[in-house]
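Take a look at the structure set out below.
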Amino acid sequence: MAVPLTTLVEEADRYLASAKIADYCPNGLQVEGRPQVMRIVSGVTASQALLDAAVEAQADLILVHHGYFWKGENPCITGMKQRRLKTLLKHDISLLAYHLPLDLHPDVGNNVQLARQLDITVEGPLDPGNPKVVGLVGSLAEPLSPRDFARRVQEVMGREPLLIEGSEMIRRVGWCTGGGQGYIDDAIAAGVDLFLSGEASEQTFHSARENDISFIAAGHHATERYGVQALGDYLARRFALEHLFIDCPNPI
1485 MAVPLTTLVE EADRYLASAK IADYCPNGLQ VEGRPQVMRI VSGVTASQAL LDAAVEAQAD
1545 LILVHHGYFW KGENPCITGM KQRRLKTLLK HDISLLAYHL PLDLHPDVGN NVQLARQLDI
1605 TVEGPLDPGN PKVVGLVGSL AEPLSPRDFA RRVQEVMGRE PLLIEGSEMI RRVGWCTGGG
1665 QGYIDDAIAA GVDLFLSGEA SEQTFHSARE NDISFIAAGH HATERYGVQA LGDYLARRFA
1725 LEHLFIDCPN PI
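Sequential numbering from 1485 applies to the sequence shown in the working numbering.
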(Lines of atoms letter the chains of each structure in order from A and count residues from 1; the text may use other names and numbers.)
(Lines give C-alpha, C1' and ligand atoms only; values in the text may rest on other atoms or scores of the structure.)
Protein backbone atom coordinates (compact mmCIF):
# COMPACT_ATOMS: atom_id res chain seq x y z
CA MET A 1 0.00 0.00 0.00
CA ALA A 2 1.42 3.38 -1.02
CA VAL A 3 0.89 6.77 0.60
CA PRO A 4 1.46 10.16 -1.06
CA LEU A 5 4.82 11.64 -0.13
CA THR A 6 3.11 14.91 0.81
CA THR A 7 0.80 13.11 3.26
CA LEU A 8 3.67 11.28 4.96
CA VAL A 9 5.75 14.46 5.29
CA GLU A 10 2.82 16.43 6.69
CA GLU A 11 2.24 13.77 9.33
CA ALA A 12 5.91 13.59 10.32
CA ASP A 13 6.11 17.39 10.56
CA ARG A 14 2.94 17.48 12.67
CA TYR A 15 3.96 14.62 14.95
CA LEU A 16 7.38 16.15 15.70
CA ALA A 17 6.09 19.76 15.79
CA SER A 18 9.12 20.60 13.69
CA ALA A 19 7.90 24.06 12.63
CA LYS A 20 8.06 25.22 16.27
CA ILE A 21 11.71 24.26 16.83
CA ALA A 22 14.63 26.46 15.76
CA ASP A 23 17.48 24.39 14.40
CA TYR A 24 20.79 24.44 12.53
CA CYS A 25 19.38 22.77 9.43
CA PRO A 26 16.05 22.45 7.60
CA ASN A 27 13.81 19.83 9.19
CA GLY A 28 11.43 17.79 7.06
CA LEU A 29 11.69 17.02 3.35
CA GLN A 30 15.20 17.91 2.19
CA VAL A 31 15.22 16.11 -1.17
CA GLU A 32 12.03 15.29 -3.08
CA GLY A 33 11.76 11.95 -4.84
CA ARG A 34 8.90 9.92 -6.28
CA PRO A 35 5.38 11.06 -5.30
CA GLN A 36 4.30 7.77 -3.68
CA VAL A 37 5.97 5.95 -0.77
CA MET A 38 5.75 2.25 0.02
CA ARG A 39 9.11 1.49 1.63
CA ILE A 40 11.03 3.59 4.17
CA VAL A 41 14.68 3.03 5.00
CA SER A 42 15.88 4.78 8.15
CA GLY A 43 19.37 5.42 9.47
CA VAL A 44 21.25 7.84 11.70
CA THR A 45 23.10 9.80 9.00
CA ALA A 46 22.46 10.27 5.28
CA SER A 47 25.94 9.03 4.42
CA GLN A 48 26.85 7.53 1.08
CA ALA A 49 26.89 4.10 2.71
CA LEU A 50 23.27 4.51 3.85
CA LEU A 51 22.18 5.86 0.46
CA ASP A 52 23.74 2.92 -1.35
CA ALA A 53 22.11 0.46 1.06
CA ALA A 54 18.74 2.19 0.58
CA VAL A 55 19.07 1.94 -3.19
CA GLU A 56 19.81 -1.77 -2.81
CA ALA A 57 16.73 -2.12 -0.56
CA GLN A 58 14.57 -0.32 -3.15
CA ALA A 59 13.57 2.44 -0.75
CA ASP A 60 11.19 5.20 -1.79
CA LEU A 61 12.21 7.41 1.14
CA ILE A 62 15.20 7.67 3.47
CA LEU A 63 14.53 8.92 7.00
CA VAL A 64 17.49 10.21 9.04
CA HIS A 65 18.52 12.25 12.07
CA HIS A 66 21.54 13.83 10.37
CA GLY A 67 20.60 15.16 6.96
CA TYR A 68 22.05 17.94 4.80
CA PHE A 69 22.24 21.73 4.38
CA TRP A 70 23.65 22.69 7.78
CA LYS A 71 24.05 26.36 8.65
CA GLY A 72 27.50 27.68 7.88
CA GLU A 73 28.53 24.88 5.52
CA ASN A 74 29.76 25.50 1.98
CA PRO A 75 26.60 25.63 -0.18
CA CYS A 76 28.35 24.46 -3.36
CA ILE A 77 27.20 21.07 -4.70
CA THR A 78 30.62 19.51 -5.20
CA GLY A 79 32.56 16.47 -4.05
CA MET A 80 30.88 14.34 -1.40
CA LYS A 81 27.73 16.46 -1.40
CA GLN A 82 27.39 16.16 -5.19
CA ARG A 83 27.76 12.37 -5.07
CA ARG A 84 25.17 12.03 -2.31
CA LEU A 85 22.58 14.24 -4.01
CA LYS A 86 23.24 12.58 -7.37
CA THR A 87 22.45 9.19 -5.81
CA LEU A 88 19.14 10.42 -4.42
CA LEU A 89 18.09 12.21 -7.62
CA LYS A 90 19.20 9.41 -9.95
CA HIS A 91 17.11 6.86 -8.05
CA ASP A 92 14.20 9.25 -7.33
CA ILE A 93 14.46 8.69 -3.56
CA SER A 94 13.24 11.28 -1.05
CA LEU A 95 15.29 12.36 1.96
CA LEU A 96 13.41 13.22 5.16
CA ALA A 97 15.52 14.53 8.05
CA TYR A 98 14.78 15.67 11.61
CA HIS A 99 17.50 16.94 13.92
CA LEU A 100 16.46 18.71 17.15
CA PRO A 101 12.77 17.73 16.78
CA LEU A 102 13.91 14.11 16.98
CA ASP A 103 16.09 14.80 20.01
CA LEU A 104 13.25 16.52 21.88
CA HIS A 105 10.17 14.41 21.15
CA PRO A 106 8.62 12.90 24.32
CA ASP A 107 7.89 9.51 22.74
CA VAL A 108 10.16 8.77 19.76
CA GLY A 109 12.91 11.24 20.71
CA ASN A 110 16.52 10.10 20.91
CA ASN A 111 16.83 10.93 24.60
CA VAL A 112 13.60 9.23 25.65
CA GLN A 113 14.37 6.18 23.53
CA LEU A 114 17.86 5.86 25.01
CA ALA A 115 16.37 6.01 28.51
CA ARG A 116 14.14 3.06 27.64
CA GLN A 117 17.12 1.10 26.36
CA LEU A 118 19.07 1.74 29.57
CA ASP A 119 16.15 1.30 32.01
CA ILE A 120 16.25 4.90 33.22
CA THR A 121 13.01 6.44 34.50
CA VAL A 122 12.66 9.91 32.99
CA GLU A 123 11.99 12.61 35.59
CA GLY A 124 12.20 15.73 33.45
CA PRO A 125 14.46 18.09 31.51
CA LEU A 126 18.07 18.61 32.49
CA ASP A 127 17.44 22.33 32.97
CA PRO A 128 13.70 23.08 33.30
CA GLY A 129 14.33 26.81 33.01
CA ASN A 130 16.23 26.62 29.72
CA PRO A 131 14.44 25.02 26.75
CA LYS A 132 17.67 25.18 24.70
CA VAL A 133 19.18 22.46 26.92
CA VAL A 134 18.15 19.26 25.18
CA GLY A 135 19.07 16.65 27.80
CA LEU A 136 17.02 14.85 30.44
CA VAL A 137 17.33 13.73 34.05
CA GLY A 138 16.15 10.41 35.43
CA SER A 139 16.72 7.70 37.99
CA LEU A 140 17.62 4.03 38.19
CA ALA A 141 15.38 1.47 39.88
CA GLU A 142 18.37 0.28 41.94
CA PRO A 143 21.69 2.05 42.54
CA LEU A 144 24.63 0.78 40.50
CA SER A 145 28.34 1.35 40.72
CA PRO A 146 29.77 3.43 37.87
CA ARG A 147 31.43 0.34 36.39
CA ASP A 148 28.23 -1.71 36.57
CA PHE A 149 26.29 1.05 34.83
CA ALA A 150 29.04 1.28 32.20
CA ARG A 151 28.66 -2.47 31.63
CA ARG A 152 24.93 -1.97 31.08
CA VAL A 153 25.71 0.72 28.52
CA GLN A 154 28.18 -1.57 26.78
CA GLU A 155 25.66 -4.40 26.58
CA VAL A 156 23.03 -2.10 25.04
CA MET A 157 25.33 -0.12 22.73
CA GLY A 158 27.41 -3.09 21.64
CA ARG A 159 30.63 -1.14 22.24
CA GLU A 160 32.82 -0.25 25.19
CA PRO A 161 32.08 3.28 26.43
CA LEU A 162 34.55 5.78 27.80
CA LEU A 163 34.06 5.95 31.58
CA ILE A 164 35.32 8.65 33.93
CA GLU A 165 34.56 7.14 37.31
CA GLY A 166 33.34 9.20 40.25
CA SER A 167 33.16 8.04 43.86
CA GLU A 168 29.36 7.83 44.24
CA MET A 169 26.92 5.05 43.42
CA ILE A 170 24.70 5.90 40.45
CA ARG A 171 21.14 6.77 41.40
CA ARG A 172 20.31 9.88 39.34
CA VAL A 173 21.46 10.18 35.74
CA GLY A 174 21.60 13.10 33.35
CA TRP A 175 22.06 12.48 29.65
CA CYS A 176 22.01 13.98 26.18
CA THR A 177 22.57 11.84 23.11
CA GLY A 178 25.04 12.77 20.38
CA GLY A 179 27.31 15.77 20.91
CA GLY A 180 25.77 16.88 24.19
CA GLN A 181 28.89 16.76 26.35
CA GLY A 182 28.72 20.52 26.84
CA TYR A 183 25.71 20.04 29.09
CA ILE A 184 27.80 18.41 31.82
CA ASP A 185 27.75 21.61 33.87
CA ASP A 186 23.93 21.64 33.71
CA ALA A 187 24.00 18.02 34.87
CA ILE A 188 26.27 18.92 37.78
CA ALA A 189 23.88 21.72 38.76
CA ALA A 190 21.00 19.23 38.62
CA GLY A 191 22.73 17.04 41.19
CA VAL A 192 23.17 13.87 39.14
CA ASP A 193 25.64 11.12 39.97
CA LEU A 194 26.47 10.43 36.32
CA PHE A 195 26.20 12.30 33.04
CA LEU A 196 26.09 10.40 29.76
CA SER A 197 26.51 11.72 26.24
CA GLY A 198 27.67 10.47 22.88
CA GLU A 199 30.95 12.35 22.73
CA ALA A 200 33.51 13.88 25.07
CA SER A 201 35.62 17.04 24.87
CA GLU A 202 38.94 17.70 26.59
CA GLN A 203 37.33 19.80 29.30
CA THR A 204 34.67 17.16 30.03
CA PHE A 205 37.22 15.15 31.97
CA HIS A 206 38.06 18.05 34.26
CA SER A 207 34.42 18.96 34.91
CA ALA A 208 33.62 15.38 35.87
CA ARG A 209 36.74 14.78 37.95
CA GLU A 210 36.74 18.07 39.85
CA ASN A 211 33.01 17.83 40.64
CA ASP A 212 33.27 14.12 41.51
CA ILE A 213 30.59 12.82 39.17
CA SER A 214 30.87 9.95 36.74
CA PHE A 215 30.78 10.56 33.00
CA ILE A 216 30.20 8.19 30.10
CA ALA A 217 30.76 8.86 26.41
CA ALA A 218 28.93 6.06 24.60
CA GLY A 219 29.28 7.21 20.98
CA HIS A 220 27.47 9.91 18.99
CA HIS A 221 26.14 7.46 16.40
CA ALA A 222 25.46 4.69 18.91
CA THR A 223 23.34 6.83 21.23
CA GLU A 224 21.24 8.20 18.36
CA ARG A 225 20.19 4.95 16.70
CA TYR A 226 16.90 4.58 18.53
CA GLY A 227 14.89 7.73 17.81
CA VAL A 228 14.93 7.40 14.04
CA GLN A 229 13.95 3.73 14.34
CA ALA A 230 11.02 4.64 16.56
CA LEU A 231 9.89 7.40 14.18
CA GLY A 232 10.17 5.05 11.21
CA ASP A 233 8.10 2.44 13.05
CA TYR A 234 5.48 5.08 13.89
CA LEU A 235 5.13 6.17 10.25
CA ALA A 236 5.07 2.56 9.05
CA ARG A 237 2.21 1.73 11.45
CA ARG A 238 0.36 4.94 10.65
CA PHE A 239 0.33 4.32 6.90
CA ALA A 240 0.80 0.53 6.66
CA LEU A 241 4.22 0.89 5.02
CA GLU A 242 7.39 -1.19 5.02
CA HIS A 243 10.19 0.12 7.24
CA LEU A 244 13.77 -1.08 7.42
CA PHE A 245 16.39 0.42 9.74
CA ILE A 246 19.92 0.10 8.36
CA ASP A 247 22.78 0.63 10.78
CA CYS A 248 25.96 1.90 9.11
CA PRO A 249 28.43 1.54 12.00
CA ASN A 250 30.40 4.60 13.07
CA PRO A 251 32.98 4.32 15.87
CA ILE A 252 32.55 8.00 16.87
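Heads up, the beta-carbon is just placed ideally off N, CA and C, and yes, glycines get one too.
{"Check": "Are the CB atoms of glycine 1711 and glycine 1593 nearer to each other than 9 angstroms?", "Outcome": "yes"}
{"Check": "Would the segment 1578–1585 count as touching the segment 1509–1525 if we require 3 or more Cβ pairs under 8 angstroms?", "Outcome": "yes"}
{"Check": "Could you check which residue in Phe1699, Ile1648, Gly1663 and Met1641 has the C-alpha nearest to that of histidine 1549?", "Outcome": "Gly1663"}
{"Check": "Bridge partners of tryptophan 1659, per DSSP?", "Outcome": "Leu1620 and Leu1680"}
{"Check": "Which same chain residues end up closer than 8 angstroms to alanine 1541 when comparing Cβ atoms and leaving out the 5 residues on each side of it in sequence?", "Outcome": "Arg1523, Val1525, Leu1728 and Ile1730"}
{"Check": "Can you tell me where the beta strand (DSSP E) with glutamine 1514 in it begins and where it stops?", "Outcome": "1512–1515"}
{"Check": "Per DSSP, glutamine 1520 is paired with what?", "Outcome": "Pro1488"}
{"Check": "Figure out for me which residue from Phe1699, Gln1520 and Ala1537 has the closest Cα to the Cα of glutamate 1652.", "Outcome": "Phe1699"}
{"Check": "Among Leu1715, Tyr1508, Ser1502 and Ile1546, which has the Cα closest to the Cα of arginine 1518?", "Outcome": "Ile1546"}
{"Check": "Could you tell me which residues DSSP pairs with leucine 1535 in its beta bridges?", "Outcome": "Answer by DSSP bridge pairing: none, since leucine 1535 is not bridged."}
{"Check": "Name the two residues that bound the continuous beta strand (DSSP E) containing glycine 1608.", "Outcome": "1604–1609"}
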